[in-house]
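Numbering (my numbering), first residue to last: 108 to 196.
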């Protein structure tokens with residue numbers, strides 16, 4: 108059995124890109140937002156570290172306490188045990 112000769116067909120493959128870039132744009136948008144936040148925090152006036160806060164306080168602090176005289180109670184002699192009464196029957 109003989110085979111018939113095949114015609115050579117020319118095939119053209121066309122590759123198109125599109126439709127799958129949504130996640131990439133989401134990542135790019137997140138990076139842009141992150142850069143803006145970093146620029147505001149470290150480059151803006153929100154966290155300006157060049158100024159320092161100061162509180163005016165006097166050089167000396169004086170604490171006045173009233174005089175308190177406490178007289179401790181006089182020590183009493185310890186009570187002696189009285190002898191038990193004799194039981195005379």
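The beta carbon of each residue, even a glycine, is placed where N, CA and C say it ideally should be.
Looking at the structure shown, is residue 143 part of a helix, part of a strand, or coil, going by DSSP?
helix
Taking the alpha-carbon positions, what's the residue 139 to residue 120 distance?
37 Å
What is the DSSP secondary structure of residue 134, reduced to helix, strand or coil?
helix
Here's a check: name, in chain order, each residue in its chain whose Cβ is nearer than 7 Å to the Cβ of residue 181, leaving out the five neighbours to either side.
none
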